[in-house]
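J.: What follows is a single structure, and I will ask about it in a moment.
Okay, structure coming up:
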């Protein structure tokens, strides 16, 4: 859900440059700001005690992130990290709530935005509950391709590591499974690029 910068600026929003690998917030931190990506890419992920990461979402230009914990007053359940050099817009919680009060049309947009996120989480859960690595990878590829509206084979914009992070698999398992799927003709690997 993108909110025009001019509206956000009227409520005290500031821009902040974040270098690749820097954190916007950490899992367990108390939220104080509403965030929107001006340009770049922010990855939300959860980590286990064994240092395994599970990607919860990737947010790009114009997308917002971290709102549910902010609105609920709960600690962040995940970490937000810049996947590439990025610029974000942030606005204090009390100013964001005032903005929503003054712009009631944003409430409806936010409702549909959250409905989309909940639906996305449900489809992501289908990926995580599958037992076989091939099923997990195929569901992820279908989900990604569904966003692209490309009917033919297309180059998957994720690395093997990113596929592992999205599916909860080890990167070695992803590489082995993709190699087998390539031999079976379910995907195509050409010049180290993955096509589905």
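Numbering (UniProt numbering), first residue to last: 1 to 196.
Cβ atoms here follow ideal geometry from the backbone N, Cα and C, with glycine treated the same way.
Going by Cα to Cα distance, which pick from 185, 188, 162 is closest to residue 44?
T.: Translated into positions along the chain shown, residue 44 becomes position 44. Looking at the Cα atoms, 162 is the closest of the given residues.
J.: Return the first residue and the last residue of the alpha helix (DSSP H) that residue 114 is part of.
T.: What you label residue 114 is simply residue 114 of the chain shown in a count that begins at 1. Its alpha helix (DSSP H) spans residues 105-129.
J.: For the pair the region 163-176 and the region 128-139, tell me if three or more CB-CB distances fall below 8 Å.
T.: Enough Cβ pairs lie closer than 8 Å, so yes.
J.: Check for me: the beta strand (DSSP E) holding residue 53 runs from which residue to which?
T.: As a first step, residue 53 must be located in the chain shown, where it is residue number 53. Counting along the chain, the beta strand (DSSP E) containing residue 53 begins and ends at 53-60.
J.: Quick check: the region 77-87 against the region 24-39, are there 3 or more CB pairs under 8 Å?
T.: With the cut-off at 8 Å, the region 77-87 and the region 24-39 touch.
J.: In the UniProt domain "HTH crp-type" (131-196), which residue ranges form an unbroken beta strand (DSSP E) of at least 3 residues, counting only runs that do not cross its ends?
T.: Segments of the beta strand (DSSP E) lying fully in the UniProt domain "HTH crp-type" (131-196): 188-190, 193-195.
J.: Classify residue 5 as helix, strand or coil using the three-state DSSP reduction.
T.: As a position in the chain shown, residue 5 is number 5, starting the count at 1. Reduced to three states, the DSSP call for residue 5 is helix.
J.: Three-state secondary structure (DSSP) at residue 96?
T.: The residue given as residue 96 occupies position 96 in the chain shown. Helix.
J.: How big is the Cα-Cα spacing for residue 152 and residue 58?
T.: Here residue 152 corresponds to residue number 152 of the chain shown, with the count starting at 1. Here residue 58 corresponds to residue number 58 of the chain shown, with the count starting at 1. Straight-line Cα distance between these residues: approximately 24 Å.
J.: What residue range does the beta strand (DSSP E) around residue 22 cover?
T.: Against the chain shown, residue 22 aligns to sequence position 22. Here residue 22 belongs to no beta strand (DSSP E), and DSSP marks it neither H nor E.
J.: Below 8 Å, can you find three or more Cβ-Cβ pairs linking the region 75-84 to the region 14-26?
T.: A contact exists between the region 75-84 and the region 14-26.
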